[in-house]
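A.B. asks: Dumping the structure here so I can ask a few things about it.
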Amino acid sequence: MASVSVAGDTDHVNDQRMGRAAFLTVLGLGTVGLAFGERITRGLSAPIGAVGDVIPNAVKALVPTGWRIYAVNPPWPTFHPATYRLQVTGMVARPLTLEWTEVGGLPAVDETADFHCVTGWTVGGVHWRGIRLQTLWDMAHPLPEARYVNFISMEHPYVDTLSLKQTTMPQVMLAHTMDGAPLPREHGAPLRLVVPEMYGYKGVKWLHRIELVDRLEPGYWEQRGYDVDAWVGRSNGYF
Amino acid sequence: MTRFSAFERALHWLLALTFLTMAATGLILYLPSLAEVAANRGMWKSIHLGAAIAFWAGLIALLPGNGRQFRASAREIDRFDGDDRRWLQWAVTRRGDEPVQGRFNAGQKLNTAIVSGLMVVFTVSGTLMYLQETDAAFRGRTSAILVHDLATWVALPLVAGHLWLALVNPSTRHSMRGILLGSVRRDWARRHHGKWMDAVEGQPVSTGSAEPPSPSP
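Here the protein sequences line up with chains A and B, keeping their order.
The numbering of the first sequence is the numbering used here, which starts it at 1 and goes up by one.
The numbering of the second sequence is the numbering used here, which starts it at 1001 and goes up by one.
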């Protein structure tokens, strides 16, 4: 024990407390980062975006894009255009089974919206193109007793739900195009629900079945303690 | 030659095990490519948070009985003498002989200080992340996620370099024995930590000279 306490550093007259300086520098940078980090990176994002196209995709995949992909039952489902079907079932006058070419033929609309995750991150200005739910309701004719809509993912057992009224809020859509390209696999190819006013866990990915029901059936995360109405800034513990 | 006390080794391995657990689970939570392979985000998050709590609980358990030793080690790591500063220059330029070093060389001192700071930064930003996930009132107030990410990209290369020196690099990997068992070979300590050996053996020490001490008979 005594031998351990002997440092062997003897030039004490000229000692500098560089250990403490390094420790405090890290704490200082961390504090500045906590206070101003987002503002600093926003200032840098424009020049990085300008050179973004020369960076290979393999490298980009390692660099955070702002998105974080959460799956509950990997691997992610695979989209096969020939066998994919979108079903609308439950309390409708006319159940639907649409092939992918039929889904692609439905009238599509564009919108740009921020994407908020309940864990705290946000991706601003995502460009979506897709189908309004009203288009499907006009074809399937929900029955008067239908009040809720379950969105069922190919990623079993992921499911989430909206009230029938919420499905026709202005920005709600089933997106098949994201930022000008077909919806990538990790974002829910071929079709995902987009609800900009709510947190991302409501936006069911790899969507393949829509079921209309008369009673609320809590979704995957709601069964695990999340709010059913996931309003951004007004839910999940915000008062 | 006893290089590390039982307390120092316990502290090192407490940090090593909890850090590697947090790094592995953190990368699963962070990288989409890993998230696809390893499901069950909730479980990885619990392990990640559990390891953080285990680190601080271990620290709180270890410190009270070893306060004097902790302060002595911290003081040793804090102080950089002339040889330490020359060593940092030498580590970059590789010109001339390696300045003689004490029980910790200047790189080890710097690494310890930076990693200690990072543990505080990780804890503060991680706590804020936990709070903003639990309560949206904390959202948007701080850049906690960004800071936690950046701290990771600083810490991982440091730890990777540390592992390379401890496990792979032939001239330094003997130090692994020191942190595992406490003791190192006398000739190895003479070569890498000459001033420490001088002090332990009561030999005259080189003061500020870049010359290695004359070999003892």
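All C-beta atoms in this analysis are idealised placements derived from N, C-alpha and C, irrespective of residue type, glycine included.
Predicted, not measured: the structure shown is a model, and the values here were computed from it.
#1: Cα separation between residue 1178 of chain B and residue 223 of chain A?
#2: Identify the continuous alpha helix (DSSP H) that holds residue 1197 of chain B and give its terminal residues.
#3: In or out: residue 61 of chain A buried (at least 16 other Cβ within 10 Å) or exposed?
#4: Is it buried or exposed, residue 1164 of chain B, if we count other Cβ atoms within 10 angstroms and call 16 or more buried?
#5: Can the beta-carbon of residue 115 of chain A be found closer than 8 Å to that of residue 1117 of chain B?
#6: Check whether chain A comes within 8 Å of residue 1019 of chain B, counting only Cβ atoms and requiring the distance to be less than that.
#7: Distance check for residue 161 of chain A and residue 27 of chain A, CA to CA, integer angstroms please.
#8: Checking 8 Å against the spacing of the C-beta atoms, do residue 220 of chain A and residue 123 of chain A come in under that value?
#9: Which class does residue 197 of chain A belong to by DSSP, given the choice of helix, strand or coil?
#10: Could you give the distance in angstroms between the alpha-carbon of residue 1147 of chain B and the alpha-carbon of residue 1091 of chain B?
#11: Can you have a look at residue 132 of chain A and say buried or exposed, based on whether 16 or more other CB atoms are within 10 angstroms of its CB?
#12: Could you give the first and the last residue of the continuous beta strand (DSSP E) run that contains residue 109 of chain A?
#13: Does any residue of chain B have a CB that is nearer than 8 Å to the CB of residue 151 of chain A?
#14: From the DSSP output, in three-state form, read off residue 176 of chain A for me.
#15: Could you tell me if residue 239 of chain A is buried or exposed, where buried requires 16 or more neighbouring beta carbons within 10 angstroms of its beta carbon?
#16: Could you tell me the boundaries of the beta strand (DSSP E) in which residue 148 of chain A lies?
#17: Residue 175 of chain A and residue 199 of chain A: beta carbons closer than 8 Å?
#18: If you pair each beta-carbon of the region 1057-1064 of chain B with each one of the region 1009-1017 of chain B, do three or more pairs fall below 8 Å?
#19: For residue 68 of chain A, which of B/1193, B/1145 and B/1182 has the nearest alpha-carbon?
#20: Specify, as a first and last residue, the run of the beta strand (DSSP E) that residue 1025 of chain B falls within.
#21: What is the DSSP secondary structure of residue 1075 of chain B, reduced to helix, strand or coil?
#22: If you check the beta carbons only, do residue 1069 of chain B and residue 1004 of chain B fall under 8 Å apart?
#23: Count the C-beta pairs between the region 1072-1089 of chain B and the region 1043-1052 of chain B that are closer than 8 Å, then say yes if the count reaches three, no if not.
#24: Going along the chain, which residues of the region 211-233 of chain A sit with their C-beta nearer than 9 Å to a C-beta in chain B?
#25: For the structure I just gave you, are there three or more beta carbon pairs, one from the region 1122-1135 of chain B and one from the region 1098-1105 of chain B, closer than 8 Å?
#26: Mind listing which residues of the region 186-203 of chain A have their C-beta closer than 8 Å to chain B's C-betas, in chain order?
#27: Mapping DSSP to helix, strand and coil, what is residue 60 of chain A?
#28: From the DSSP output, in three-state form, read off residue 126 of chain A for me.
#29: Could you give the residue range of the alpha helix (DSSP H) that holds residue 208 of chain A?
#30: Name, in chain order, the residues that DSSP records as bridge partners for residue 81 of chain A.
#31: I'd like to know whether the C-beta of residue 168 of chain A is nearer than 8 Å to at least one C-beta of chain B.
#32: So, under 8 Å CB-CB, residue 205 of chain A and residue 192 of chain A are touching, yes? Tell me the CB distance rounded to an integer number of Å.
#33: Could you name the residues of the same chain whose beta carbon sits closer than 7 Å to that of residue 1154 of chain B, not counting the 5 residues immediately before and after it, in chain order?
C.D. replies: Checking against the coordinates, here is how it stands:
#1: CA-CA distance, residue 1178 of chain B to residue 223 of chain A, rounds to 51 Å.
#2: That run of the alpha helix (DSSP H) goes 1194-1201.
#3: Note that residue 61 of chain A scores 49 on pLDDT, short of 50, meaning its location in the model is unreliable; the coordinates nonetheless yield the value given after this. When all chains shown are included, residue 61 of chain A counts as exposed.
#4: Here residue 1164 of chain B is exposed. Its C-beta has fewer than 16 other C-beta atoms within 10 Å.
#5: No. Outside cutoff.
#6: For residue 1019 of chain B, the answer is no, since every Cβ of chain A falls outside 8 Å of its Cβ.
#7: Taking the straight line from one Cα to the other gives about 44 Å.
#8: Residue 123 of chain A sits away from residue 220 of chain A, with the two beta carbons spaced by 8 Å or more.
#9: The three-state secondary structure of residue 197 of chain A, taken from DSSP, is coil.
#10: If I take the Cα positions, the gap works out to 29 Å.
#11: Buried.
#12: If you look at residue 109 of chain A, you'll find it in the beta strand (DSSP E) that goes 109-116.
#13: Proximity of residue 151 of chain A to chain B, defined by a Cβ-Cβ separation below 8 Å, is not satisfied.
#14: Strand.
#15: Unreliable positioning characterises residue 239 of chain A in this predicted model, as indicated by a pLDDT of 38, which lies under 50. The coordinate reading is nonetheless provided below. Exposed.
#16: Its beta strand (DSSP E) spans residues 148-153.
#17: Taking 8 Å as the Cβ cut-off, residue 175 of chain A and residue 199 of chain A do not qualify as a contacting pair.
#18: With the cut-off at 8 Å, the region 1057-1064 of chain B and the region 1009-1017 of chain B touch.
#19: For residue 68 of chain A, the nearest C-alpha among the options comes from B/1145.
#20: Where residue 1025 of chain B is concerned, there is no enclosing beta strand (DSSP E), although the alpha helix (DSSP H) it sits in stretches over 1006-1030.
#21: Helix, per DSSP.
#22: The answer is no: Cβ separation not under 8 Å.
#23: Cβ pair count under 8 Å is below three, so no.
#24: Hits within the stretch, in order: 224, 232 and 233.
#25: The region 1122-1135 of chain B is not in contact with the region 1098-1105 of chain B.
#26: The region 186-203 of chain A vs chain B, Cβ under 8 Å: 186.
#27: Any answer about residue 60 of chain A is weak, because its pLDDT of 49 lies below 50 and its placement is not dependable; what the coordinates show is given next. Residue 60 of chain A: helix per DSSP, three-state reduction.
#28: Residue state, collapsed to three classes: strand.
#29: Not the alpha helix (DSSP H): residue 208 of chain A falls in the beta strand (DSSP E), residues 207-213.
#30: Per DSSP, none; premise fails for residue 81 of chain A.
#31: No - not a single Cβ of chain B is within 8 Å of the one on residue 168 of chain A.
#32: 4 Å between Cβ atoms; contact.
#33: Leaving aside the five residues that flank residue 1154 of chain B on each side, the residues in its chain whose CB is nearer than 7 Å to its CB run, in chain order, 1118.
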